[in-house]
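S.K.: Those protein sequence lines, which keep their order, are chains A and B. All residue numbers for the first sequence refer to numbering that gives the first Met the number 0, where the first residue is 0 and numbers rise by one. All residue numbers for the second sequence refer to numbering that gives the first Met the number 0, where the first residue is 0 and numbers rise by one. Just so it is clear, CB atoms sit at the ideal spot from N, CA and C, and this is done for glycine as well. Have a look at this one.
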Amino acid sequence: MTEANQPATPTEWPLWEVFVRSRAGLDHKHCGSLHAADAAMALQMARDVYTRRQEGCSVWVVRSTDITASDPGDKGMYFDPMEDKVYRHPTFYKLPTEVDHM
Amino acid sequence: MYTQAMDTMGKEMAEAPKALRSAEELALQQRFDARIDDGDFIEAKDWMPDNYRKTLLRQISQHAHSEIVGMLPEGNWISRAPTLKRKAILLAKVQDEGGHGLYLYAAAETLGTSRDQMLDALHSGKAKYSSIFNYPTLSWADIGTIGWLVDGAAIMNQVPICRCSYAPYARAMIRICREESFHQRQGFDSLLVMMKDGSDAQRAMVQDAVNRWWWPCLMMFGPPDDQSPNSAQGMRWGIKRVSNDTLRQKFVDATVDQAKVLGVTLPDPDLTWNEERQHWDFGAIDWAEFFRVVAGDGPNNRERLAMRVKAWDDGAWVREAALAHARKHAPQQAAA
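Following this line, the structure appears as structure tokens:
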């Protein structure tokens with residue numbers, strides 16, 4: 000993400016990632032990005048661009064360069080080891096019918 | 000809207016495999032092909048063939064340019080809308096087009112090209128936008144007709160791209176398609192009011208607008224399949240999902256019934272129901288006109304581009320001032 004997000008020219012506004020909470024009680028969810036000169040402008044533009052139809056009640060913006068992401072090349076190494084840990088799921092345990100609603 | 004990029008970029012796209020350099024790259028290519036075959040989505044940081052990246056960049060940026068240039072013919076009518084209601088609707092629609100351009104520029108930027116580079120390509124005339132926006136909007140009925148026919152054709156074209164193999168593009172398209180339906184419906188609604196409750200002059204105005212926009216709309220889907228050399232590669236890569244002619248036929252079939260409800264005739268004497276095909280047959284499209292408009296010689300090419308460049312140049316001081324303001328206040332923010 001980092002290289003592409005550095006302004007190619009010094010006149011280009013920096014890139015921000017936008018997160019919107021669609022309803023009270025829910026998580027903020029990434030919904031896109033935009034260019035803005037500073038945080039206040041990024042918030043205002045995020046409202047105009049991503050919540051024109053009441054899609055949200057709260058917005059976060061963060062500079063794209065401030066996000067550290069996992070490497071897609073490491074995806075297997077990073078996430079697959081969880082695949083064989085079936086005992087982490089409740090369905091792994093067979094209980095007698097009388098108590099199975101547990 | 001508007002994905003004519005693949006049809007107007009020459010044949011270089013199909014030459015991809017020759018450029019392979021090493022066994023390592025060949026392995027990456029095979030893994031990429033397998034992922035495409037499995038219907039997997041490709042993300043920005045995943046390995047992709049150079050020509051896949053180049054083709055997408057061209058298509059997505061042209062798509063973005065089309066949204067932005069598409070604001071111009073409609074923007075002309077904001078101050079001339081007949082009622083406050085129609086004015087508010089048109090403002091919302093034009094604002095949507097700006098938003099759609101932004102989603103698409105952001106998707107294109109993930110491929111490693113800056114926004115300024117893309118805008119530069121548009122303003123210098125190097126990059127294209129959809130041929131449809133080089134036609135003039137002469138009357139208020141043109142605005143309704145653009146919503147009904149131009150946005151209708153765009154929806155036909157865009158829905159399959161929601162399943163594009165490049166995930167950032169697919170995500171942008173899903174968002175756009177969700178908003179685009181309002182554009183078509185408001186257009187039809189505005190024409191219906193004129194046809195049902197309007198004067199003879201207003202009805203004639205609607206018919207005149209439909210007469211002028213019909214053929215350029217059919218051209219929006221791009222050249223016939225047998226003259227579309229890059230389609231096969233686009234399909235292979237999962238960038239293009241449905242062929243030009245199939246989409247065009249679908250659009251004609253859907254529109255004929257809508258025209259009946261509206262009470263207008265589509266300006267094609269050859270338009271006839273084909274019982275055997277179960278589709279509407281339609282007349283020959285003037286492809287010479289299409290290529291002339293794409294090459295820069297449509298009724299409004301110069302005007303549209305000049306207006307776009309003027310807006311960009313006139314806004315330069317605002318962009319610079321905002322950046323200067325942000326830099327001046329950056330140390331304070333960091334300290335707070």
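Between B:LEU137, B:THR144, B:ASP312, B:CYS161, which lies nearest to ALA106 of chain B when the distance is taken from Cα to Cα?
M.R.: Here residue 106 of chain B corresponds to residue number 107 of the second sequence, with the count starting at 1. The option with the nearest alpha carbon to ALA106 of chain B is B:CYS161.
S.K.: Can you list the alpha helix (DSSP H) stretches of 4 or more residues lying completely in the stretch 136 to 201 of chain B, in chain order?
M.R.: Runs found: 139 to 144, 150 to 157, 166 to 196.
S.K.: Cα-Cα, which of B:PRO215, B:SER189, B:LEU322 is closest to MET204 of chain B?
M.R.: Counted from its first residue, the second sequence places residue 204 of chain B at position 205. If we check each option's Cα against that of MET204 of chain B, B:SER189 comes out closest.
S.K.: Spatial neighbours of PHE289 of chain B within its chain, please: CB distance less than 8 Å, with the 5 preceding and 5 following residues excluded, ordered by chain position.
M.R.: One-based indexing of the second sequence puts residue 289 of chain B at position 290. Closer than 8 Å at Cβ, skipping near neighbours: SER130, MET218, PRO222.
S.K.: Touch check for the stretch 303 to 321 of chain B and the stretch 134 to 154 of chain B: three-plus C-beta pairs under 8 Å?
M.R.: Too few Cβ pairs lie closer than 8 Å, so no.
S.K.: In the DSSP assignment, find the unbroken beta strand (DSSP E) run with LYS127 of chain B in it and report its ends.
M.R.: On the second sequence, residue 127 of chain B is found 128 positions in, with the first residue counted as 1. Taken as a continuous stretch (DSSP letters only), LYS127 of chain B belongs to no beta strand (DSSP E), as it is neither H nor E.
S.K.: Between the alpha carbons of ALA23 of chain A and GLU54 of chain A, how many angstroms are there, rounded?
M.R.: As a first step, residue 23 of chain A is located in the first sequence; it is residue number 24 there, counting from the start. As a first step, residue 54 of chain A is located in the first sequence; it is residue number 55 there, counting from the start. Spanning the two alpha carbons is a distance of roughly 12 Å.
S.K.: Among B:ALA325, B:ASP312, B:VAL317, which one has its Cα closest to the Cα of HIS122 of chain B?
M.R.: The count along the second sequence starts at 1 and reaches residue 122 of chain B at position 123. HIS122 of chain B has its Cα closest to that of B:ASP312, out of B:ALA325, B:ASP312, B:VAL317.
S.K.: Since HIS182 of chain B and LYS92 of chain B should fall inside the 8 Å C-beta cutoff, what is the C-beta to C-beta distance between them, to a whole number of angstroms?
M.R.: Your numbering for residue 182 of chain B matches position 183 in the second sequence. Your numbering for residue 92 of chain B matches position 93 in the second sequence. The Cβ separation is near 6 Å, so the contact holds.
S.K.: Quick check on this structure: which residue in A:LEU42, A:VAL58, A:ALA39, A:SER32 has the alpha carbon closest to the alpha carbon of SER21 of chain A?
M.R.: Locating residue 21 of chain A in the first sequence gives position 22, where the first residue counts as 1. The shortest C-alpha separation from SER21 of chain A is found at A:VAL58.
S.K.: Between the alpha carbons of MET76 of chain A and ALA33 of chain B, how many angstroms are there, rounded?
M.R.: Stepping through the first sequence from its first residue, residue 76 of chain A is reached at position 77. Stepping through the second sequence from its first residue, residue 33 of chain B is reached at position 34. Distance between the alpha carbons of MET76 of chain A and ALA33 of chain B is about 20 Å.
S.K.: Looking at chain A, which residues of the stretch 106 to 122 of chain B have a Cβ within less than 7 Å of any of its Cβ atoms?
M.R.: The residues in question are GLU108, THR109, GLY111, SER113, ARG114, ASP115, GLN116.
S.K.: Which same chain residues, not among the five before or five after ARG247 of chain B, have their C-beta less than 7 Å away from its C-beta?
M.R.: Within the second sequence, residue 247 of chain B is the residue found at index 248, counting from 1. Counting only Cβ-Cβ distances below 7 Å, and skipping sequence neighbours, we find LEU217, PHE220.
S.K.: Give a yes or no on whether the C-beta atoms belonging to ASP37 of chain A and HIS328 of chain B are separated by under 9 Å.
M.R.: If you number the first sequence from 1, residue 37 of chain A lands on position 38. If you number the second sequence from 1, residue 328 of chain B lands on position 329. Yes, these two residues count as a Cβ contact at 9 Å.
S.K.: Along chain A, which residues have their Cβ under 8 Å away from the Cβ of GLU319 of chain B?
M.R.: For the purposes of this step, residue 319 of chain B is taken as the residue at position 320 of the second sequence. What GLU319 of chain B touches in chain A: THR10.
S.K.: Can you tell which of B:TYR128, B:ILE175, B:THR245, B:ASN210 has its C-alpha closest to the C-alpha of ARG51 of chain A?
M.R.: Taking the first sequence and counting its residues from 1, the one referred to as residue 51 of chain A is at position 52. The shortest C-alpha separation from ARG51 of chain A is found at B:ILE175.
S.K.: Determine which residues of the stretch 31 to 45 of chain B have a Cβ less than 9 Å from any Cβ of chain A, and write them out in chain order.
M.R.: Listed by position, the residues of the stretch 31 to 45 of chain B near chain A (Cβ gap below 9 Å) are GLU42, ALA43, LYS44, ASP45.
S.K.: Report the residue from B:ALA63, B:ALA258, B:GLN185 whose alpha carbon sits nearest the alpha carbon of GLU108 of chain B.
M.R.: By 1-based counting over the second sequence, the position of residue 108 of chain B is 109. With distances taken between Cα atoms, GLU108 of chain B lies closest to B:ALA63.
S.K.: Distance check for LEU265 of chain B and ASN209 of chain B, CA to CA, integer angstroms please.
M.R.: Locating residue 209 of chain B in the second sequence gives position 210, counting from the first residue. Locating residue 265 of chain B in the second sequence gives position 266, counting from the first residue. Residue identity differs from the one stated: residue 209 of chain B is Val in this sequence, not Asn. In a straight line, the C-alpha of VAL209 of chain B is about 7 Å away from that of LEU265 of chain B.
S.K.: Under 8 Å between beta-carbons, which chain A residues line up against HIS324 of chain B? List them in chain order, please.
M.R.: Position 325 of the second sequence holds residue 324 of chain B. Those are ALA36, ASP37, listed as they occur along chain A.
S.K.: Output the distance between the C-alpha atoms of GLN28 of chain B and VAL251 of chain B, rounded to the nearest integer angstrom.
M.R.: Walking along the second sequence from the start, residue 28 of chain B turns up at place 29. Walking along the second sequence from the start, residue 251 of chain B turns up at place 252. Going from the Cα of GLN28 of chain B to the Cα of VAL251 of chain B covers about 39 Å.
S.K.: Hey, would you say HIS34 of chain A sits closer than 9 Å to TRP15 of chain A, going by beta carbons?
M.R.: As a working note, residue 34 of chain A is residue 35 in the first sequence. As a working note, residue 15 of chain A is residue 16 in the first sequence. Yes, they are a contact pair.
S.K.: Can you tell me the Cβ-Cβ gap for SER180 of chain B and ILE154 of chain B, rounded? I've got them flagged as a contact below 8 Å.
M.R.: Looking up residue 180 of chain B in the second sequence gives position 181. Looking up residue 154 of chain B in the second sequence gives position 155. The pair is a contact, with the Cβ atoms about 7 Å apart (cut-off 8 Å).
S.K.: Does the beta-carbon of SER32 of chain A have 16 or more other beta-carbons within 10 angstroms, so that it is buried, or is it exposed?
M.R.: Indexing the first sequence from 1 puts residue 32 of chain A at position 33. Buried, because 16 or more other Cβ atoms sit within 10 Å of the Cβ of SER32 of chain A.
S.K.: Could you pull out every residue in the same chain whose Cβ sits closer than 7 Å to the Cβ of MET47 of chain B, ignoring the five residues on either side in sequence?
M.R.: The residue you call residue 47 of chain B lines up with position 48 of the second sequence. Same-chain partners within the cutoff: PHE31, ILE41.
S.K.: Only counting the same chain, and skipping five residues up and downstream in sequence, which positions put a Cβ closer than 7 Å to that of SER69 of chain A?
M.R.: Sequence index remark: in the first sequence, residue 69 of chain A carries index 70 (1-based). So the list reads TYR77, once near-sequence residues are dropped.
S.K.: Would you mind giving the Cβ-Cβ distance between TYR102 of chain B and ALA171 of chain B, rounded to the nearest angstrom? I have them listed as a contact below 8 Å.
M.R.: Within the second sequence, the letter at position 103 stands for residue 102 of chain B. Within the second sequence, the letter at position 172 stands for residue 171 of chain B. So it is a contact: roughly 4 Å between Cβ atoms.
S.K.: Under DSSP, the alpha helix (DSSP H) around ARG291 of chain B begins and ends at which residues?
M.R.: As a position in the second sequence, residue 291 of chain B is number 292, starting the count at 1. Where ARG291 of chain B is concerned, the enclosing alpha helix (DSSP H) stretches over 286 to 291.
S.K.: Name the DSSP beta bridge partners of ARG20 of chain A, please?
M.R.: Along the first sequence, one-based indexing puts residue 20 of chain A at 21. In DSSP, ARG20 of chain A forms a bridge with A:HIS27, A:SER57.
S.K.: If we cut at 9 Å on Cβ distances, does ARG307 of chain B have a partner in chain A?
M.R.: For the purposes of this step, residue 307 of chain B is taken as the residue at position 308 of the second sequence. No, because no Cβ of chain A sits closer than 9 Å to the Cβ of ARG307 of chain B.
S.K.: Does any residue of chain A have a CB that is nearer than 9 Å to the CB of GLU66 of chain B?
M.R.: What you label residue 66 of chain B is simply residue 67 of the second sequence in a count that begins at 1. Chain A, which has no Cβ nearer than 9 Å to the Cβ of GLU66 of chain B, makes this no.
S.K.: Could you pull out every unbroken alpha helix (DSSP H) segment of at least 4 residues lying fully inside the stretch 207 to 283 of chain B, listed in chain order?
M.R.: Runs found: 230 to 235, 243 to 261.
S.K.: Taking CB distances under 9 Å as the criterion, tell me whether ARG20 of chain A reaches chain B.
M.R.: Taking the first residue of the first sequence as 1, we reach residue 20 of chain A at position 21. No, its Cβ sits nowhere closer than 9 Å to a Cβ of chain B.
S.K.: Taking LEU261 of chain B and LEU191 of chain B to be in contact with their CB atoms under 8 Å, please state how far apart those CB atoms are, rounded to whole angstroms.
M.R.: Taking the second sequence and counting its residues from 1, the one referred to as residue 261 of chain B is at position 262. Taking the second sequence and counting its residues from 1, the one referred to as residue 191 of chain B is at position 192. Rounded, the Cβ-Cβ distance is 6 Å, consistent with contact.
S.K.: Going by the CB atoms, is the gap between THR10 of chain A and ASP115 of chain B shorter than 9 Å?
M.R.: Here residue 115 of chain B corresponds to residue number 116 of the second sequence, with the count starting at 1. Here residue 10 of chain A corresponds to residue number 11 of the first sequence, with the count starting at 1. Cβ distance < 9 Å, so ASP115 of chain B and THR10 of chain A count as in contact.
S.K.: Indicate whether at least one CB of chain B lies closer than 9 Å to the CB of ARG87 of chain A.
M.R.: To locate residue 87 of chain A, count along the first sequence from 1; it is residue 88. It does not: the Cβ of ARG87 of chain A has no partner Cβ on chain B nearer than 9 Å.
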